[in-house]
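Structure first, then comments.
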Amino acid sequence: MRKTPEEKRLSTTELAAALPDGYEVSTDTARLDVDRVHRWLSTDSYWAMGRSRETQDAAVAGSLNFGVYDTVSGAQVGYARVVSDLATFAWLCDVYIDRSVRGKGFGSALVAVVRDHLESTGVPRILLATGDAHGVYEKIGFHPLESPEEWMILRFSAGQ
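As structure tokens, then:
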């Protein structure tokens, strides 16, 4: 019997296993510092530079969101979101780690948490696109498309 999306969400304890001490991951959208996430993505990422707040809010609302938080202060230090039906397909995107904690394993840990969470739901594949973090994703098990000629894209001129 297939689990509901709510049953597929892992607890904070289960999600925190891969992170450095003193940090946790949550899929609770209410915990997201949406102002900080928007600032990170719209001003400090090559893939979402200039993204409007309206677009970002819509993206959050339609996605499974992962936040990384300092367990003492509660400050958010990382973010990732997944667009998925939680049954057949998942798209990992908007992975961002605050500059103050980069280089300490947070990116790899966050992606591993996302991978493990999605694997537990039975999703058979996760796709992503990256221009500069191939090594991070390869450590977690991602690899280039085996048959890129089978994939197509349709781009619209507006939006990100």
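Counting in numbering that gives the first Met the number 0, the sequence shown runs from 0 upward without gaps. For each residue, glycine too, the CB sits at the ideal point set by N, CA and C.
Tell me the DSSP secondary structure of PHE141 in three-state form. By one-based count along the sequence shown, residue 141 stands at place 142. Reduced to three states, the DSSP call for PHE141 is coil.
Have a look at PRO19, HIS142, ALA57 and TYR78 and flag the residue whose alpha-carbon is nearest the alpha-carbon of ASP27. Counting from one through the sequence shown, the residue named residue 27 turns up at place 28. Of PRO19, HIS142, ALA57 and TYR78, the residue nearest in Cα terms is TYR78.
For the alpha helix (DSSP H) containing ASP34, list its first residue and its last residue. The residue you call residue 34 lines up with position 35 of the sequence shown. Residues 33–43.
Assuming the contact rule is C-beta atoms closer than 8 Å, LEU63 and VAL81 should be a hit. Round their C-beta distance to whole Å, please. The sequence position of residue 63 within the sequence shown is 64, counting from 1. The sequence position of residue 81 within the sequence shown is 82, counting from 1. Here LEU63 really is in contact with VAL81; their C-beta atoms are around 4 Å apart, less than 8 Å.
Please work out which residues of its chain come closer than 6 Å, Cβ to Cβ, to GLN55, disregarding the five sequence neighbours upstream and downstream, and give them in chain order. The residue given as residue 55 occupies position 56 in the sequence shown. These residues qualify, in order along the chain: HIS37.
Which same chain residues end up closer than 6 Å to THR87 when comparing Cβ atoms and leaving out the 5 residues on each side of it in sequence? As a working note, residue 87 is residue 88 in the sequence shown. Within the same chain, THR87 has no close Cβ partners at all.
Spatial distance of LEU91 from LEU127 (CA atoms): Along the sequence shown, read from residue 1 onward, the residue named residue 91 stands at position 92. Along the sequence shown, read from residue 1 onward, the residue named residue 127 stands at position 128. Cα-Cα distance, rounded: 5 Å.
Would you report the Cα separation of PRO19 and LEU31, rounded to the nearest angstrom? Residue numbering aside, residue 19 sits at position 20 when the sequence shown is read from its first letter. Residue numbering aside, residue 31 sits at position 32 when the sequence shown is read from its first letter. Using only the alpha carbons, I get a separation of about 19 Å.
Assuming contact is defined by CB atoms lying nearer than 7 Å, are PHE65 and VAL113 in contact in what I supplied? Stepping through the sequence shown from its first residue, residue 65 is reached at position 66. Stepping through the sequence shown from its first residue, residue 113 is reached at position 114. It is a contact, given that the beta carbons lie within the stated cut-off.
What is the rounded straight-line gap between the Cα of ASP93 and the Cα of ARG124? Here residue 93 corresponds to residue number 94 of the sequence shown, with the count starting at 1. Here residue 124 corresponds to residue number 125 of the sequence shown, with the count starting at 1. Spanning the two alpha carbons is a distance of roughly 18 Å.
Looking at the structure shown, is LEU91 part of a helix, part of a strand, or coil, going by DSSP? As a working mapping, residue 91 is identified with position 92 in the sequence shown. LEU91 falls in the strand class under three-state DSSP.
So, helix, strand or coil for PHE65, using DSSP? Within the sequence shown, numbered from 1, the residue matching residue 65 stands at position 66. Residue state for PHE65 is assigned as strand, using DSSP reduced to three classes.
What first and last residue would you give for the alpha helix (DSSP H) that runs through ARG80? Here residue 80 corresponds to residue number 81 of the sequence shown, with the count starting at 1. Here ARG80 belongs to no alpha helix (DSSP H); instead the beta strand (DSSP E) covers 75–83.
Can you check which of these residues, PHE155, LEU153 and VAL76, is closest to VAL100 by C-alpha distance? Locating residue 100 in the sequence shown gives position 101, counting from the first residue. Closest option to VAL100, Cα to Cα, is VAL76.
Does the Cβ-Cβ distance between LEU109 and ALA89 come in under 7 Å? Along the sequence shown, read from residue 1 onward, the residue named residue 109 stands at position 110. Along the sequence shown, read from residue 1 onward, the residue named residue 89 stands at position 90. Contact flag unset, no.
Which residues does DSSP list as the beta-bridge partners of TYR22? Position 23 of the sequence shown, counted from the first residue, corresponds to residue 22. Bridge partners of TYR22: ASP69.
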